[in-house]
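Below is one structure; the comments refer to it alone.
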Amino acid sequence: MENYIADMKIIKGLFITIDPEKIKTNCEYFEINMSNSPSKISKRNNISILTLGFENNQFIQFQVKWNLNIKELNKLDYDYITNEIKSMILEAYKLTQIKTIENIF
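Remember, this note's numbering sits 1 above the position in the sequence shown when you count from 1.
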C-alpha cells in the first residue's frame, strides 16, 4: 500500500511507524478512529494496519502485508514487540489472507 507512511521495515511483510505525525497522517488517510479503542486492526485489500494506543496518548502502528514472514516474526527479539503484540500482528496477518469482493473483482 503505497500511501502508508512507515518509519522502517522490520522483516518481510512488516513495517513499523512510531512517529506521531506519521501515525496521525496514516489514521486520517485510512480513516482509522482510535477514540474508542486502545487497539485497532484496519484491513485494506490484502494489507492490515495494526494501531496500538498506550498511556499518555502514545501510539505505535504496524503495516502487516499478506507476505509476512511468520518464522521471522516468531524469532524477533525486540523489547517493544512483546508476545502479546506478536499475537496481534498474527491476527492482522490472518485478515490479509481473507479475500474480499474488492480483491476478487
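Note that beta-carbon positions come from the ideal geometry of N, C-alpha and C, so glycine has one too. Nothing here was measured: the structure is a model prediction, and the numbers come from that model.
Beyond the five residues adjoining it in sequence on each side, residue 18 comes within less than 7 Å, by CB distance, of 6, 7, 8, 24, 27 and 62 in the same chain, given in chain order.
Rounded to the nearest angstrom, the gap between the Cα atoms of residue 77 and residue 12 is 9 Å. The stretch 66-83 and the stretch 31-38 do not touch, with fewer than 3 CB-CB distances between them shorter than 8 Å. Excluding its 5 nearest sequence neighbours in each direction, residue 38 has C-beta neighbours in its own chain below 8 Å: 54, listed in chain order.
Per DSSP, reduced to three states, the secondary structure at residue 97 is helical.
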